[in-house]
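Peer 1: So the sequences go chain by chain: A, B and C. The first sequence runs 42 to 410 under my numbering. The second sequence runs 600 to 902 under my numbering. The third sequence runs 76 to 353 under my numbering.
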Amino acid sequence: MDFKTFLHAGSNRRAMLKGMGVAAVGFSLTGALAGCGEKEAKKLANGEEAKLNFYNWDTYIGETTLEDYKDSAGVDVNMTLFASNDELFAKLRAGNPGYDVIVPSNDFVERMAGADMLMPLDQAQIPNFKNVAKDYQDVPYDPARKYSMPYTWLVLGIGYRKSKVKAVPDSWKVLFDSDEYKGRIAVLSEAGDMFRLYGKYMGKSVNDLTDADLKTIEAMMIKQKPNIKAFHEDNGQDLLLKGEVDVVLEYNGDIAQAMVEDPDIGFIIPKEGSQLNSDNLCIPKGAPHPKNAHAFINYLLDAEAGKKITETILYPTPNDAAKALMPDAYKNNQVIFPPADILAKCEYAKFNPELQPKYEEAFTRVRAA
Amino acid sequence: MSGALQDWKSQKKPFAAVVTAPVFWLALFFVAPMTIVWLYSFGQNAGPADIVISGTLDNYKRATEWLYLSIFLKSLAVAALTTLICLIIGFPVAMAITFAAPKWRPWLLLGIMLPFWTNLLIRTYALMALMGTNGYMNKGLGGLWEGASWLRTLVGMQPLEAWTPVQLLYNNFAVVLGLVYVHLPFMVLPLYSALDRLDKSLIEASLDLGAGHFKTFMQIVVPLAAPGIVAGVMITLIPALGAYLTPDLMGGTDSQMIANVIERQFKRANDWPFGAALSFLLIYAMFILIAFQSMRSNKVKEA
Amino acid sequence: MFNRTPIAPLEYTRKLWMRSWVGLTMLFLYAPLIVLMIFSFNDSKRNVVWKGFTLKYYEKALNNDSLVEALVNSLTIAALATIVSLVIGALAAVVLWRFRFPLKGLVEGTMSLPIIVPEICLGVAFLIFFAKVDWPTDLPWPLNLSAITIAHITFCFPFVAMVVRARLASFNKEEEEAAKDLGATEWQAFRDVLLPHIKPALVAGALLAFTLSLDDFVITFFTSGPDTITFPVKVYSMVRFSVTPEVNAASTILILLTVILTFIALKLQGVKGIAETH
Chain A
42 MDFKTFLHAG
52 SNRRAMLKGM
62 GVAAVGFSLT
72 GALAGCGEKE
82 AKKLANGEEA
92 KLNFYNWDTY
102 IGETTLEDYK
112 DSAGVDVNMT
122 LFASNDELFA
132 KLRAGNPGYD
142 VIVPSNDFVE
152 RMAGADMLMP
162 LDQAQIPNFK
172 NVAKDYQDVP
182 YDPARKYSMP
192 YTWLVLGIGY
202 RKSKVKAVPD
212 SWKVLFDSDE
222 YKGRIAVLSE
232 AGDMFRLYGK
242 YMGKSVNDLT
252 DADLKTIEAM
262 MIKQKPNIKA
272 FHEDNGQDLL
282 LKGEVDVVLE
292 YNGDIAQAMV
302 EDPDIGFIIP
312 KEGSQLNSDN
322 LCIPKGAPHP
332 KNAHAFINYL
342 LDAEAGKKIT
352 ETILYPTPND
362 AAKALMPDAY
372 KNNQVIFPPA
382 DILAKCEYAK
392 FNPELQPKYE
402 EAFTRVRAA
Chain B
600 MSGALQDWKS
610 QKKPFAAVVT
620 APVFWLALFF
630 VAPMTIVWLY
640 SFGQNAGPAD
650 IVISGTLDNY
660 KRATEWLYLS
670 IFLKSLAVAA
680 LTTLICLIIG
690 FPVAMAITFA
700 APKWRPWLLL
710 GIMLPFWTNL
720 LIRTYALMAL
730 MGTNGYMNKG
740 LGGLWEGASW
750 LRTLVGMQPL
760 EAWTPVQLLY
770 NNFAVVLGLV
780 YVHLPFMVLP
790 LYSALDRLDK
800 SLIEASLDLG
810 AGHFKTFMQI
820 VVPLAAPGIV
830 AGVMITLIPA
840 LGAYLTPDLM
850 GGTDSQMIAN
860 VIERQFKRAN
870 DWPFGAALSF
880 LLIYAMFILI
890 AFQSMRSNKV
900 KEA
Chain C
76 MFNRTPIAPL
86 EYTRKLWMRS
96 WVGLTMLFLY
106 APLIVLMIFS
116 FNDSKRNVVW
126 KGFTLKYYEK
136 ALNNDSLVEA
146 LVNSLTIAAL
156 ATIVSLVIGA
166 LAAVVLWRFR
176 FPLKGLVEGT
186 MSLPIIVPEI
196 CLGVAFLIFF
206 AKVDWPTDLP
216 WPLNLSAITI
226 AHITFCFPFV
236 AMVVRARLAS
246 FNKEEEEAAK
256 DLGATEWQAF
266 RDVLLPHIKP
276 ALVAGALLAF
286 TLSLDDFVIT
296 FFTSGPDTIT
306 FPVKVYSMVR
316 FSVTPEVNAA
326 STILILLTVI
336 LTFIALKLQG
346 VKGIAETH
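#1: State yes or no: is the C-beta of ALA793/B within less than 7 Å of the C-beta of ALA136/C?
#2: Report the neighbours of THR121/A on chain C: residues whose CB is nearer than 7 Å to its CB, in chain order.
#3: Taking ASP675/B as the reference, which of ILE652/B, THR835/B, ALA700/B and THR717/B has the closest Cα?
#4: Report the residues of the region 715–733 of chain B with a CB closer than 7 Å to any CB of chain C, ordered along the chain.
#5: Compute the beta-carbon to beta-carbon distance between VAL820/B and LEU788/B, rounded to the nearest angstrom, for a pair I have assumed lies under 8 Å.
#6: Mind checking whether SER115/C and ASN247/C have CB atoms under 7 Å apart?
#7: Please state whether DSSP places PRO789/B in a helix, a strand or coil.
#8: Under 7 Å, do VAL308/C and THR295/C count as touching if we go by C-beta distance?
#9: What residue does the alpha helix (DSSP H) around HIS330/A start on, and which one ends it?
#10: Where VAL238/C and PHE292/C are concerned, what is the direct C-alpha to C-alpha distance, given to the nearest angstrom?
#11: With H, G and I counted as helix, E and B as strand and the rest as coil, what does DSSP make of GLY67/A?
#12: Three-state secondary structure (DSSP) at LEU249/C?
#13: When you compare the region 135–152 of chain A with the region 91–106 of chain A, are there three or more beta-carbon pairs, one atom per stretch, that lie closer than 8 Å?
#14: Just the Cα atoms here: how many angstroms apart are VAL618/B and VAL170/C?
#15: CB-CB under 6 Å to GLY831/B, same chain, minus the five flanking residues each way: which ones, in chain order?
#16: Does any residue of chain B bring its CB to less than 7 Å from the CB of ASP127/A?
#17: Can you give the Cα-Cα distance for LEU146/C and TRP216/C, rounded to whole angstroms?
#18: Throw me the rounded Cβ distance for the ARG202/A and ASP305/A pair, which I believe falls under 8 Å.
#19: Just confirm the distance between the C-beta atoms of LEU108/C and ILE330/C, as a whole number of angstroms; I'd bet it's less than 8 Å.
#20: LEU342/A and ASN172/A: beta carbons closer than 7 Å?
#21: State yes or no: is the beta carbon of PRO398/A nearer than 7 Å to at least one beta carbon in chain B?
#22: Tell whether a beta-carbon distance below 7 Å holds between PRO189/C and THR224/C.
#23: Under 8 Å: do the region 799–819 of chain B and the region 836–846 of chain B share three or more Cβ pairs, one atom per stretch?
#24: Grab the span of the beta strand (DSSP E) containing ARG867/B for me, first residue to last.
#25: Quick one: complete alpha helix (DSSP H) runs, 4+ long, within the region 128–209 of chain C?
#26: Going by Cα to Cα distance, which pick from ASP657/B, ALA678/B, GLY827/B and PHE690/B is closest to PHE234/C?
#27: Quick one: is TYR883/B buried, meaning 16 or more other Cβ sit within 10 Å of its Cβ, or exposed?
#28: What number of angstroms, rounded off, separates the C-alpha of PRO275/C from the C-alpha of LEU257/C?
#29: Could you have a look at TRP637/B and say whether DSSP puts it in helix, strand or coil?
#30: According to DSSP, simplified to helix, strand and coil, what is LYS80/A?
#31: Decide yes or no for the touch test of the region 307–314 of chain A against the region 258–266 of chain A: beta carbon pairs closer than 8 Å, at least 3 of them.
#32: Does any CB atom of chain A fall closer than 7 Å to the CB of SER312/C?
#33: Determine the direct distance from the alpha carbon of PHE128/C to that of GLN825/B, and round the result to whole angstroms.
#34: List the whole-angstrom C-beta distance separating LEU396/A from ILE377/A, where the pair is believed to meet the contact cut-off of C-beta under 8 Å.
#35: First and last residue of the alpha helix (DSSP H) that includes MET313/C?
#36: Is the distance from the Cβ of THR353/A to the Cβ of GLU104/A below 7 Å?
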């Protein structure tokens, strides 16, 4: 068997599939296989081909954003998806396989910048940076926004089923140190977040944990383990919706989406304070279309485009111009935009290469205990 | 039963014809990539994306700590239990396929395989939807319970207490069930391909001579199917040992398996050298086992 | 199926306990799939609670170009990987079964390794390997799938080898000798005597390889680039916020397609051809 036979077999299969899809379900697949065919390589004024590879989270873009961008700039955005920062990092660690724009969270911006994996941004090419809220124009994880532009931000808190809790669970104690909701609790499986939030519960900064603290926290986790039903993979809102658990550690954006489906769900940031996260637009080193990448980032920071994105994903936006265009129901939603006094007690987690493996090992011990 | 092995020297041409492709492929696309990871297991992190291969044995020292050994042993037990259940469920199914009319056989075979052409993650989520607190299994059981309660009132007894849903998910039971669900065809297929050559007249003869079905099964069918059982056990046990998704999604707070730990080293902990050491400990153990087994069986054949 | 002839001792398939056993196993295998299919018609963003009937997710799935593209990629890779794995796997099994040669234990051990190596470890190995040898990533379709296909073959063919070898154990070498005595060449003996014997194992091996390749996520994830997304990679990234009915709809289509394609293949090949025994 030579390779030609294989190619032939492949294209036959494709044709067959195409026919099948139409016959079996009755929808047209026209254009669906466009990605497989040859593309004309038309050049843009900036000298790059009209193409861009965007590596994003799922459901993290407006319904029509990519089409709108194609209409206005003529650039085909090929969006592929990753499911966690770890995946994104592992994937790019050995070299960039061709991505132009990526969306890492704050600590990974720090980590990737430290590993020399990001391209410095040329702010002159991103005039829409002016739309970004003041608080996000200069952030500790990326001073002067050298490598990243803010896309969304989010904060961890407790999602709960209103009809099943006696009082609003406004302290981490409910999740971390109490058998009140025994067997009805789910917390995150991400070791770092867990340790840092326990730190918050103990009244410490998320970035000041010592080895002694880790020991204490580990013991607390082992003690609390029998009360916990599952360590979830960031799908806590689902567990809550299905009625598997009644209190869950989750991000505000995720719970806000679940609240649309089920009014019996609530969310609160515990009084001890919590951990902030922010997802950012970056250009990885070795990006094949850096100019398109700048233009695309600029487009995502546009007021109208930002509004459309926010309407779909319902996450808090750092884009003030976009926020101004949103309805009051969004702007005044206390889940999406928690009150300033509680936000003041929340912090960003710094990337800490020393502690991360220690968190992991301690959490492995907790699970094995 | 299959004659002596031929020495490669006496049959150089056919030997070369069959040996080249597999060995070439293995060397280029398996040994070469794995060597890099193997070297990493003697290295240490020198920054978020750099590894220095310093010849250190620290990673192995850490990997052989009791914490990780105990997780490994637990994973082995879970995988072994999964394999056993697969064998018990799969053997009669493989027999049924073997003894089915020829025109039914391919359909039965496909019937077993078809669910496995659906994405593992989607299947796992579907299984979880069945098994959840408010899932259909619990609803069915709840219905039965209500029925029983109602029957009791009919005969004048106290009704049963209200039904409380059974916890089917998020525990070790769920992990084993999920693993059986995922690995069943890996057991059925080799069993089928081994049983298929079963000489049916042997069974008939045994039955004619007055041996019961069970006795015939144990003394004729099982020994003849032995190579298939071995192959089935191998390709069920080993992937089950490496399962990470099922324990992650369906397991409770103590259901982690060794593959979960390894996965976290490569992803979250960003500690590739340690992940490599853990992986290679697993590989060394298996490699020795298989090479030993192969040497022994070759000696037996030559004798 | 419903003839009234008495059940002969060997007609296990017509015995009630055997039928119920197979029936229960099938129920176990298919119940989750049925739930999955039902929920593909659910008019809710999440398949948690039933909210009403809709076909919109089918429309969405079929209009989702990247999903369809991923599906086509997956099927292409699985087909290629199955063919090559069958050849290499069968050859490997024959070598180990038939010859005595130096370092045989080493070769045999190494050959089973791809089954043992944790997926993530092999995935990382390929990630670094393809980066180090500078494997081209911008080739036209389907050549851009080559890296993934190579990786798939590596972990698929040992499974084929294992199944084929189990089958070879029952081969009567004298048959082959007899054929050669009658003037058959080495190749003819292989083609006409050995190959028919191992055919059921090849069918089983092909099914295994196809299944493994079609469902692989971890290794594919590390070998794919922006233009080479496969169905599992797509699905895994889509379910971060739980499985949407769109994914269910796509799976339902995939199941239907598989059934139809297999049905046609079986009809074309003649049903007997597939599970033919001697």
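Yeah, the Cβ is synthetic: ideal placement off N, Cα and C, and Gly gets one too. If you're wondering where the values come from, they're calculated on a predicted model, not measured in any experiment.
Peer 2: Considering the structure as presented:
#1: no
#2: PRO301 and ILE304
#3: Inspection of the sequence shows that residue 675/B is occupied by Leu rather than by Asp. Minimum Cα distance to LEU675/B is reached at THR835/B.
#4: PHE715, TRP716, THR717, ASN718, LEU719, LEU720, ILE721, ARG722, TYR724, ALA725, LEU726, ALA728 and LEU729
#5: Between LEU788/B and VAL820/B the Cβ distance is about 17 Å, and since that is not below 8 Å, they are no contact.
#6: no
#7: helix
#8: yes
#9: Looking at the DSSP string, HIS330/A is not in any alpha helix (DSSP H), and its letter there is neither H nor E.
#10: 23 Å
#11: Annotation note: pLDDT 34 at GLY67/A (below 50); position unreliable, coordinate value reported separately. DSSP places GLY67/A in coil when its eight states are reduced to three.
#12: One detail in the question is off: residue 249/C reads as Glu in this sequence, not Leu. Three-state DSSP puts GLU249/C in a helix.
#13: yes
#14: 6 Å
#15: MET786, PRO789 and LEU790
#16: yes
#17: 14 Å
#18: 6 Å
#19: 7 Å
#20: yes
#21: yes
#22: no
#23: no
#24: Segment: none, ARG867/B is in no beta strand (DSSP E) and carries neither H nor E.
#25: 131–138, 140–173, 179–191 and 194–207
#26: GLY827/B
#27: exposed
#28: 26 Å
#29: helix
#30: Interpretation of LYS80/A is limited by its pLDDT of 44, a score under 50 that renders its predicted location unreliable; the figure taken from the coordinates is listed afterwards. In the structure shown, LYS80/A sits in coil (DSSP, three-state: anything other than H, G, I, E or B).
#31: no
#32: yes
#33: Checking the sequence, you will find Ala at residue 825/B rather than Gln. Cα-Cα distance, rounded: 50 Å.
#34: LEU396/A to ILE377/A, Cβ: 30 Å. No contact.
#35: 306–313
#36: yes
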